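Q:
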Amino acid sequence: PRPPRFKCGLPRPCPPAHFAFRLVSGAANVIGPKICLEDRVLMSSVKNNVGRGLNIALVNGVNGELIAARAFDMWAGDVEELLKFLRPLHEGTLVLVASYDDPATKLTEESRRLFGELGSAVAMDLAFRDSWVFLGAKGVQERSPFEQHVRNSRGSNKYEGWPEALELEGCVPR
6 PRPPRFKCGL PRPCPPAHFA FRLVSGAANV IGPKICLEDR VLMSSVKNNV
56 GRGLNIALVN GVNGELIAAR AFDMWAGDVE ELLKFLRPLH EGTLVLVASY
106 DDPATKLTEE SRRLFGELGS AVAMDLAFRD SWVFLGAKGV QERSPFEQHV
156 RNSRGSNKYE GWPEALELEG CVPR
């Protein structure tokens, strides 16, 4: 018999009043990232809605409905587009982030601060070609427990010029 399958491929179901999620960063500049919430793939290469930089899905933290999903090129793009996306967030909006290729080159002090306000502990230190996955929310008071970061390091990179891909899964309270 096959083992039971739970939302977003989690090993067990989430408790009531929680959303199941899985975030996978891109691998080098070859395999794109993936963002899943409640068994719905919000962003992926298959959906053709991911890109180099930061891939971000905004979700209503009460009902789980997708508000918006966009990729922001942090190598050659305009960081102002990212700021316009993050500034107007409403209290309780979940923010799911998966990096691909380069998440940090164009980040500004303001964009890093905005991620910090969403609960990120590493946004201020994010650097060229780092791997990063993060789930935060507008209005949180503490650091999010849902964050992973691997620094781009010539000595420890899994791929030539890039660190390993990251995968983060769990249950986030509504």
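Take the numbering used here: the last position of the sequence shown gets the number 179, and nothing is skipped along the way. Note that the Cβ used here is the ideal one computed from N, Cα and C, for glycine as well. The structure displayed is predicted, hence computed values, not measured ones.
Just the Cα atoms here: how many angstroms apart are K111 and R57?
A: For this step, residue 111 is matched to residue 106 along the sequence shown. For this step, residue 57 is matched to residue 52 along the sequence shown. Their backbone Cα atoms lie some 12 Å apart in a straight line.
Q: Grab me the residues of V127's own chain with a C-beta within less than 6 Å of its C-beta, minus the 5 sequence neighbours each way, in chain order.
A: Locating residue 127 in the sequence shown gives position 122, where the first residue counts as 1. Hits under 6 Å: H154.
Q: For H154, list the residues DSSP reports as bridge partners.
A: Position 149 of the sequence shown, counted from the first residue, corresponds to residue 154. In the DSSP output, where bridge partners are listed per residue, H154 has W137.
Q: When the Cβ atoms of the region 48-62 are set against those of the region 104-123, are three or more pairs found closer than 8 Å?
A: The region 48-62 is in contact with the region 104-123.
Q: Are there 16 or more other CB atoms within 10 angstroms of the CB of R134, so buried, or fewer, so exposed?
A: Here residue 134 refers to the residue found at position 129 of the sequence shown. Classification of R134: buried, given that the 10 Å Cβ count is 16 or more.
Q: Label E152 either buried or exposed according to how many other C-beta atoms from any shown protein chain fall within 10 Å of its C-beta, with 16 as the threshold for buried.
A: Position 147 of the sequence shown, counted from the first residue, corresponds to residue 152. Under this definition E152 is a buried residue.
Q: Looking at the secondary structure, which residues open and close the alpha helix (DSSP H) in which K39 lies?
A: Position 34 of the sequence shown holds residue 39. From DSSP, K39 is part of no alpha helix (DSSP H) but of the beta strand (DSSP E) over 39-42.
Q: Counting beta carbon pairs with one atom in the region 36-48 and one in the region 85-96, are three or more of them shorter than 8 Å?
A: Not touching, per the Cβ criterion.
Q: What span of residues does the alpha helix (DSSP H) with L59 cover, start to end?
A: Taking the first residue of the sequence shown as 1, we reach residue 59 at position 54. That residue, L59, is in no alpha helix (DSSP H); its beta strand (DSSP E) goes 58-65.
Q: Using the rule of at least 16 other Cβ atoms within 10 Å of the residue's Cβ for burial, across every protein chain shown, is S104 buried or exposed?
A: Along the sequence shown, one-based indexing puts residue 104 at 99. The residue is buried, with at least 16 neighbouring Cβ atoms inside 10 Å.
Q: Excluding five sequence neighbours on each side, which residues of the same chain lie with their C-beta closer than 7 Å to the C-beta of M129?
A: Walking along the sequence shown from the start, residue 129 turns up at place 124. Same-chain partners within the cutoff: R117, G121.
Q: Identify which residue in L119, T113, V102 has its Cα closest to the Cα of E174.
A: On the sequence shown, position 169 is the one that residue 174 refers to. Among L119, T113, V102, the Cα nearest to that of E174 is on V102.
Q: Alpha carbons only, please: which of S136, G141, P150 is nearest the one belonging to I36?
A: In the sequence shown, counting from the first residue as 1, residue 36 sits at position 31. Residue S136 is the option with its Cα nearest to I36.
Q: Using the DSSP secondary-structure output, state which residues sit across from G175 in a beta bridge.
A: As a position in the sequence shown, residue 175 is number 170, starting the count at 1. Bridge partners of G175: F26.
Q: Just verifying my parser: in three-state terms, what is the DSSP assignment at F77?
A: As a working mapping, residue 77 is identified with position 72 in the sequence shown. F77 falls in the strand class under three-state DSSP.
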